[in-house]
Every structure is written in structure tokens, then in C-alpha cells.
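Here is the structure we will look at, set down as C-alpha cells.
This is how it looks when you write it as C-alpha cells:
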């Protein structure tokens, strides 16, 4: 099945919600794990040893999920809704989705890049159109689509006020989620509030600030863990996942549990 902007096969209104709690498909007589697929950009993506200590929040999400829910992290550095679809990256996700699975979609950082036609989208037209492709692609497979607004960058005004950096994209995603009746995780609002609570200096310990780099977009292990905690808490608040499917939401997670494998391309 191919998913593009011109033709997306849908499974009918409400089918994804109806199937979200369905029993997992069985393979060789054993139940298959329910899987949470992540489609997104570098803020969520798996990082490898050559990028350490940079850490995507998707790497930390399994710490908050009970066994029985696997995470398949398909987020890729530098991608927007447009480039992810143009490169055919939704197809392997769709091929692997089963009824009851989840597809968590977080894009925006690179859609904003107006100078790059390979990635840029308009928030109220092409960005929303592309989000619908992801949503309808998940529903066509009987999976539940979930939209997540982009996690905020670290940016503060001179008076210490945490600033929004994503323009109209979070609002456009909120509108798209409401129109499509899709659960929305408002990570942009929650992360902005967290950065405001921590302040300009403390937030440096959550982002990828090193002796050679001052990165206000990507996370180190503490930051990835806290953003993953926000995602997990939103999955609970929106009833996408039940309390029995989550764990450690209020517990400290040792940062040494984050590991960076060697890339297969190395």
C-alpha cells in the first residue's frame, strides 16, 4: 500500500479508535506486542555513539512504558512532514502497523525552514495536508494516530521569559487534530512551561551543551528523559494508554540507562 498526498486509503471514520484496544495480532500462536511507532525529526530520533551525548526523547520513552508495549522509533534527523513522505519513510511504517498499534507523529522543526524547499511547508495548508496523510495512513491499517506538537527549543528573553519558537505550526497541528478527531499531545506547551520553570541556566543541563557545542534544540540524557516523561504523561491524560500500560511517571530515571549504539553505517 502506498501513501501519498493524492490518494490515501482510509479505514472509515472512527475505525482507529475502535481498534486501539483490540487484542494484538498473533504470530505462531503467541500474542504480538502492541507497538508504538514514532514518526518525527531529530528531537525524537535514535542517536548513535558518534553523536553522544545528544539524545532523542524517543530513546527514553520505553522507560515509561510497561512490557507489552514496544517502541519502534522511525524518527530521522532533519526531516519535515514533506521530506519524510517524499522519501517514502511512511511506507515501511504502514507495512508494519497492525490493528491496535499507535503511530505518534511529531514534526514542525524542519517544516519551518522557509529557505529549504525540500522541507518547508506552510502551516495552514501543506503542513496540515501532510499530517492528514500520516493520520489516514495509520487508520487505514487499523492503528491509532496520535499527533504531538513540537517540543520547544531553549530560547529566553532578556528578562528570563521562555519564548515560543515554532510560529503557527503548533496551532495548525492543534486544529488538524481537532478536525480529524485525533488525540493531541501538546508537548510544545508543556515543554515551554518546563523550560520556564527551570530558567535559562538550569535548562542548559537538559540540552546538548558541551565543551564544544551550545545546542538549544537537541537534548542530552536528562533532557530526553524529561521530554519523554511529558510524552508519556500526555499519553495517559488523553487516554491513549491506560494507567496499567505506563510506569515510573513520577520516578527518577538514572541517566546512565541511556546508551548510544554504534551505527550500522559506521
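Numbering (this note's numbering), first residue to last: 22 to 287.
Just so it is clear, CB atoms sit at the ideal spot from N, CA and C, and this is done for glycine as well.
What residue from the options has the CA that sits closest to residue i's CA?
i, options, result
"residue 84", "272, 282, 283, 284", "272"
"residue 94", "87, 106, 104, 80", "80"
"residue 252", "150, 146, 125, 154", "125"
"residue 201", "250, 159, 121", "159"
"residue 120", "53, 140, 72", "53"
"residue 247", "235, 269, 234", "269"
"residue 82", "245, 195, 237", "245"
"residue 145", "197, 242, 97, 156", "197"
"residue 127", "89, 193, 233, 176", "193"
"residue 72", "267, 274, 242", "242"
"residue 220", "59, 187, 179", "179"
"residue 129", "231, 173, 199", "173"
"residue 258", "65, 105, 91, 211", "211"
"residue 142", "227, 267, 105", "105"
"residue 92", "78, 58, 98, 113", "58"
"residue 181", "235, 214, 267, 131", "214"
"residue 195", "153, 78, 279", "153"
"residue 256", "113, 98, 208, 231", "208"
With the cut-off set at 8 Å, would you say residue i and residue j are in Cβ contact?
i, j, result
"residue 190", "residue 171", "yes"
"residue 204", "residue 283", "no"
"residue 265", "residue 87", "yes"
"residue 55", "residue 115", "no"
"residue 137", "residue 100", "no"
"residue 281", "residue 68", "yes"
"residue 217", "residue 183", "yes"
"residue 237", "residue 74", "no"
"residue 164", "residue 122", "yes"
"residue 118", "residue 169", "no"
"residue 222", "residue 187", "no"
"residue 60", "residue 155", "yes"
"residue 76", "residue 177", "no"
"residue 185", "residue 224", "no"
"residue 140", "residue 131", "yes"
By a C-beta neighbour count over all protein chains shown, 10 Å radius and 16 as the cutoff for buried, is residue i buried or exposed?
i, result
"residue 263", "exposed"
"residue 111", "buried"
"residue 135", "exposed"
"residue 277", "exposed"
"residue 166", "buried"
"residue 49", "Summary for residue 49: the model assigns pLDDT 45, below 50, so the residue's position carries little reliability, and this model does not support an answer."
"residue 108", "exposed"
"residue 275", "exposed"
"residue 233", "exposed"
"residue 89", "exposed"
"residue 226", "exposed"
"residue 64", "buried"
Starting from residue i, follow its DSSP beta bridges and name the residues at the other end.
i, result
"residue 61", "127"
"residue 235", "230"
"residue 94", "59"
"residue 298", "No statement about residue 298 is possible, as the shown extent of the chain runs from 22 to 287 and does not include it."
"residue 166", "124"
"residue 183", "177"
"residue 86", "267"
Does the ligand MN have a heavy atom nearer than 7 Å to the CB of residue i?
i, result
"residue 170", "For the structure depicted, the ligand MN is absent and the ligand set is empty, with no information on it obtainable."
Examine chain C for any beta-carbon lying closer than 8 Å to the beta-carbon of residue i, and answer yes or no.
i, result
"residue 259", "Among the chains in the structure shown there is no chain C, since it carries only a single protein chain."
Give the list of continuous alpha helix (DSSP H) stretches no shorter than 4 residues that lie fully inside the region 201-227.
List check, alpha helix (DSSP H) in window: 208-223.
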